[in-house]
Each structure stands twice: as C-alpha cells, then as structure tokens.
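Notes follow the structure.
Residue numbers (my numbering), protein chains in the order written: chain A, 26 to 137; chain B, 203 to 316.
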C-alpha cells in the first residue's frame, strides 16, 4: 500500500463545474500539505501550501485538510479549460528527515 | 523570475551508453533534487543535495550517481543506461537547510533508452 493514495483519473468535467481532487495518507507523521499543478510537458509548480486542519482559500482554489481522517482535498470553483493539468498532492514526513512524499497525481480535463 | 534550467528536454540513448543530465538554478538555493516521473508512480526521488559536494541517496538511487561541484549546478549521471531508465527526469531546487515543501522544478528531460 502506498503511503499517499491519489486517484490517477483522468477526471473530465465541463467548464464551470466545481472540481474536487483528493488524497489520503496513512502516516500521522505527515505534516505540511501541498498541491502542485503540472501542465503537459512542464515541471510541477506549487499551487497551495497548508499546515493545519481546515480550509485555505486562494482565488478559485480551496485546500482542505482533515488530519483526523488523514484526508486532503483541493477544490476548484468555476473551472476553466486552462485548469486542465495533472494535480499532485505532496506532504512532508516529519519522521523521515522532512522528506517530501508524493501522490501519483490526478489528470484533470476541463471540457469547454 | 526564478528559474531551474535542465540542459536537454529530449534525449535518445542506446543501452550501455553514459548519460549526463545537467541542471542549473539561478536562485542561490542550497537544496537540489533529482526525481524521475513515471505514469502511475508519481515522483520518485533519486538523489538530493543540501550543499556543494554533498549528496544523499533518495528512494531509487541504484543505477544513478550525481555531482554537485558548484552551488547552482546539480548533475545526474547514468553510468550505463538501461531500458528501464526510460523516463521523465525532473530537477528541482529549494531554499534553506533541510527539506522544505516548496520546490522549484525545471521543465524536465525526457530520456528514451533503446
């Protein structure tokens, strides 16, 4: 079993829909949760970064962390075709020299 | 604008050849990383470096070596390429000591080994 589980998709939704992307993890030593966005043929770029349980909002994006359930989510409101990309979750393992542990990534397609 | 530059976007090599992948960052970052990315497996850490001439093994170092002679440059070496090393290779850097979550990535080097 992987330490971080993420549905690879692809997830295809119409433009304007609300998108929910999720990751689950098994290790309570994982803290500092991140979402990276990776466009085709590009490297990943940091989208959102959060530590505590609860919600963090940035424009159309909301990152949600539930440490008790070991579950993180990224919500995209009013999705646009330009949001089409692969979204990777990542988290820091505090017990393993602060290593970054990655999800496999979810490919998101927003249809015009 | 911060930048991580990988020398080659696409390479095709033959089995047994030596392969050099070079990465340069212009942000004066202490930490540099090499990952490989394969479908369904996500990002896997090959090697990382916290400082010049320092290197640490990641999760999958077998078949690879690295060199960091200057702070801004981190090279990945495949001494004898094999077909199972066909992959996308991503270089990244970050500031500070230790590993932090905010990594800056290059655009990747897609290696095909025939």
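Every residue, glycine too, gets a C-beta built ideally from N, C-alpha and C.
**Request:** Look at the Cβ atom of residue 61 of chain A, then the Cβ atom of residue 115 of chain A, and state whether they are nearer than 8 Å.
**Result:** Their beta carbons are under 8 Å apart, which means residue 61 of chain A touches residue 115 of chain A by this criterion.
**Asked** Between residue 217 of chain B and residue 283 of chain B, which are expected to be in contact by the criterion C-beta below 8 Å, what is the C-beta distance as a whole number of angstroms?
**Response** Indeed they touch by this definition, with Cβ atoms about 6 Å apart.
**Message:** Determine whether the beta carbon atoms of residue 316 of chain B and residue 214 of chain B lie at a separation below 8 Å.
**Reply:** A contact, by the Cβ cut-off of 8 Å.
**Prompt:** Would you say residue 125 of chain A faces chain B, with C-beta separation under 8 Å as the test?
**Reply:** Closer than 8 Å to some Cβ of chain B, the Cβ of residue 125 of chain A qualifies, so yes.
**Item:** Secondary structure of residue 122 of chain A, DSSP reduced to three states
**Value:** In the structure shown, residue 122 of chain A sits in coil (DSSP, three-state: anything other than H, G, I, E or B).
**Request:** List the endpoints of the continuous beta strand (DSSP E) containing residue 207 of chain B.
**Result:** Run containing residue 207 of chain B: 206-208, per the beta strand (DSSP E) assignment.
**Request:** Using a Cβ-Cβ cut-off of 8 Å, state whether residue 274 of chain B counts as contacting chain A.
**Result:** Closer than 8 Å to the CB of residue 274 of chain B there is not a single CB belonging to chain A.
**Request:** Give me the Cα-Cα distance between residue 3 of chain A and residue 88 of chain A, rounded to the nearest whole angstrom.
**Result:** Only positions 26 to 137 of chain A appear in this structure, which leaves residue 3 of chain A out of reach.
**Request:** Would you list the residues sitting across from residue 254 of chain B in a DSSP beta bridge?
**Result:** In the DSSP output, where bridge partners are listed per residue, residue 254 of chain B has none listed.
**Item:** Beta-carbon contacts of residue 290 of chain B that lie in its chain and below 6 Å, excluding the five residues immediately before and after
**Value:** Excluding sequence neighbours, residue 290 of chain B sits near 239, 310 and 312.
**Message:** Among the candidates A:104, A:92 and A:137, whose CA atom is the shortest distance from the CA of residue 41 of chain A?
**Reply:** Nearest of A:104, A:92 and A:137 to residue 41 of chain A, Cα basis: A:104.
**Message:** Looking at residue 66 of chain A: is its Cβ nearer than 8 Å to the Cβ of residue 85 of chain A?
**Reply:** For the 8 Å CB-CB criterion, residue 66 of chain A and residue 85 of chain A do not form a contact.
**Request:** Please say whether residue 99 of chain A and residue 303 of chain B have beta carbons closer to each other than 8 Å?
**Result:** No, they are not a contact pair.
**Asked** From residue 305 of chain B to residue 237 of chain B, what does the alpha carbon distance come to, in whole angstroms?
**Response** About 12 Å.
**Request:** Can you grab the Cα-Cα spacing for the pair residue 247 of chain B / residue 293 of chain B, in whole Å?
**Result:** Using only the alpha carbons, I get a separation of about 10 Å.
**Item:** chain B contacts made by the region 110-122 of chain A, where a contact means CB separation under 7 Å
**Value:** Along the region 110-122 of chain A, going in chain order, the ones with a CB nearer than 7 Å to a CB of chain B are 113, 115, 117 and 122.
**Request:** Would you tell me roughly how many angstroms separate the C-alpha atoms of residue 297 of chain B and residue 253 of chain B, rounded to the nearest one?
**Result:** The straight-line gap from Cα to Cα measures roughly 11 Å.
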